[in-house]
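As structure tokens, the structure follows; a few thoughts come after it.
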Amino acid sequence: MCSPGWSYNPTTGACYGVNKLPPRLSWMGAEEYCEKSGGHLASFQTQEEYEHLLSYFFVSWDEMWIGIYSDDGEKWKTVEGHEIDILKFGKWCTNGYPGKFDGKHCLGFGSTEGVNHCFHNHDCSTYKMRIICKKQIF
Numbered sequence: 037m038c039s040p041g042w043s044y045n046p047t048t049g050a051c052y053g054v055n056k057l058p059p060r061l062s063w064m065g066a067e068e069y070c071e072k073s074g075g076h077l078a079s080f081q082t083q084e085e086y087e088h089l090l091s092y093f094f095v096s097w098d099e100m101w102i103g104i105y106s107d108d109g110e111k112w113k114t115v116e117g118h119e120i121d122i123l124k125f126g127k128w129c130t131n132g133y134p135g136k137f138d139g140k141h142c143l144g145f146g147s148t149e150g151v152n153h154c155f156h157n158h159d160c161s162t163y164k165m166r167i168i169c170k171k172q173i174f
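Residue numbers (my numbering): 37 to 174.
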């Protein structure tokens, strides 16, 4: 059902693939990479989807891009265009608040100071991380 190296989640009806090896990409490069594979950067809208994505988080010190962004660092959207309250699912790695900077903010999973699976926001065009892609089957 899924391409080699991808895994299927029957609850979400989607296949998920992770780039475990370099290259690390910017968020924009990562979304382009996922689109070429027939999907998008993985996003979530339910607790179950969020927990499924966490299962791909192989090492606590690594960071991975996910398909959620903000134009202003306040309101967050999935790559599919759905608004999302990310704090309903997890917390910020940086003292409970997103980083402040000009430009588009993009979201990744990360860890810091013993807090696993927290959110980092970074500049979409320059910061580089690993990738989790999601491809809907139905």
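Glycine included, each C-beta is placed from N, C-alpha and C at the ideal position.
No experiment lies behind these values; they were computed from the predicted model shown.
What residue range does the alpha helix (DSSP H) around residue i cover?
i, result
"G65", "W63 to K72"
Kindly indicate which residue of the options has the alpha-carbon position closest to the one of residue i.
i, options, result
"Y69", "I168, E119 and D121", "I168"
"V115", "K124, W101 and K127", "W101"
"H141", "S43, M64 and Y92", "M64"
"S73", "N152, G41, I120 and E119", "G41"
For the beta strand (DSSP E) that contains residue i, what are its first and last residues?
i, result
"N55", "Note, N55: premise wrong, no beta strand (DSSP E); not H, not E."
"S43", "S43 to N45"
Compute the Euclidean distance between the alpha carbons of residue i and residue j, then round it to the nearest angstrom.
i, j, result
"K136", "E67", "22 Å"
"G117", "S147", "26 Å"
"C104", "L143", "Contrary to the premise, residue 104 reads as Ile rather than Cys in this sequence. Near 5 Å, if we compare the C-alpha coordinates of L143 and I104."
"T48", "G126", "20 Å"
"D107", "C160", "10 Å"
Have a look at the DSSP bridge pairing and note the partners of residue i.
i, result
"Q172", "A50"
"H88", "Paired residues: none, contrary to the question."
TODO: May I have a chain-ordered list of the beta strand (DSSP E) segments no shorter than 3 residues that lie completely inside the region 90-168?
DONE: Within the region 90-168, the complete beta strand (DSSP E) runs of at least 3 residues are 100-106, 112-114, 141-148 and 151-159.
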